[in-house]
Amino acid sequence: MYTYPVRVLLVDDHPIVQSGLSYELGRSAGLQIVCATQTVDESLTQLRQDAVDVVLSDLYLGDTTTGIQLMLQLRELGISLPVLIMSSDEKPATIRQVLGAGAAGFLSKRSTPADFEQAIRWAANVDRLPDPYIAPHDLRLRMHQLTTPPRPQQATQLQPLTRKEVETLRAFGQGLEPKEIAHERRVAVTTVYSQLNMAREKLQIHHDVELRNFAIRHLLE
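In full-length UniProt numbering, the protein residues as written are 1 to 221.
Below, the structure is given as structure tokens:
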């Protein structure tokens, strides 16, 4: 279980966002905004002084760093805290990058105060399920659809492909270019090109446009 109230470090480089979130979240008797910072360095300094249960950070910070970098530095320092990332960038690739880096959840900045409160309480609960928290609800459904396995009637057409080829093809269908896929999956871009070429050969598809349309029809719809 979590402490009461849940102590939160808020990280955002926009004072108006800090003020608005601090006000809305502070209205809950179960939450306490311990401090608000604007950069990764300020956050690390503050965490050495104050005990918190959850870090709520913007993805893109004003000093050109990110909430992901904050998570990685916390990990390097041996500080085990759940980190929730918020952003107006709702692209699936962005959300997967955030969650793949170890975030406890992702919240769109159009989420309601209730969404934020629920996410913070969920992240602070050490007995929570391992699945990340995504809000609002329509965004959670969209991400679920993108990660849902192919339907049975699609399986036959996809059968020649390896799991890695399917994953790469799905990302290609989502509009990512090979360099973006390689960056997200932390593999060489030549590996991505090889997987796409193998998928094209196995599916007997000759052009990238056809391959992307195939991915949209069979992996995303």
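The C-beta atom is built at its ideal place from N, Cα and C for all residues, glycine as well.
Non-local C-beta neighbours of L99 in its own chain, meaning closer than 7 angstroms and more than five positions away in sequence, comprise F106 and P132, ordered along the chain.
Taking each of K91, D12, R163 and T39 in turn and checking the Cα distance to Q73, the smallest one comes out for T39.
Burial of A182 is indicated by the presence of at least 16 other C-beta atoms within 10 angstroms of its C-beta. Less than 8 angstroms divides the Cβ of S57 from the Cβ of I85. Listed in chain order, the non-local C-beta contacts of I205 below 7 angstroms within the same chain comprise L211 and F214, local neighbours out to five positions each way being set aside. Judged by pairs of C-beta atoms under 8 angstroms, the segment 25 to 45 touches the segment 59 to 72, as three or more such pairs exist. Assignment of R48 by DSSP, reduced to helix, strand and coil, places it in the coil class. Remark: C-beta atoms of L9 and L59 do not approach each other more closely than 8 angstroms.
The Cβ-Cβ distance between P15 and Q32 does not fall below 8 angstroms.
Here the alpha carbons of N125 and D208 stand approximately 45 angstroms from one another. Spanning the alpha carbons of G20 and L81 requires a straight line of approximately 23 angstroms. Straight through space, the alpha carbons of V192 and V166 are spaced by roughly 11 angstroms. In this chain, the alpha helix (DSSP H) harbouring T191 covers V189 to L203. Excluding five sequence positions before and after S88, the CB atoms of its chain that fall closer than 8 angstroms to its own CB belong to S108, K109 and R110, given in chain order. In the three-state scheme derived from DSSP, where H, G and I count as helix and E and B as strand, Q38 is classed as coil.
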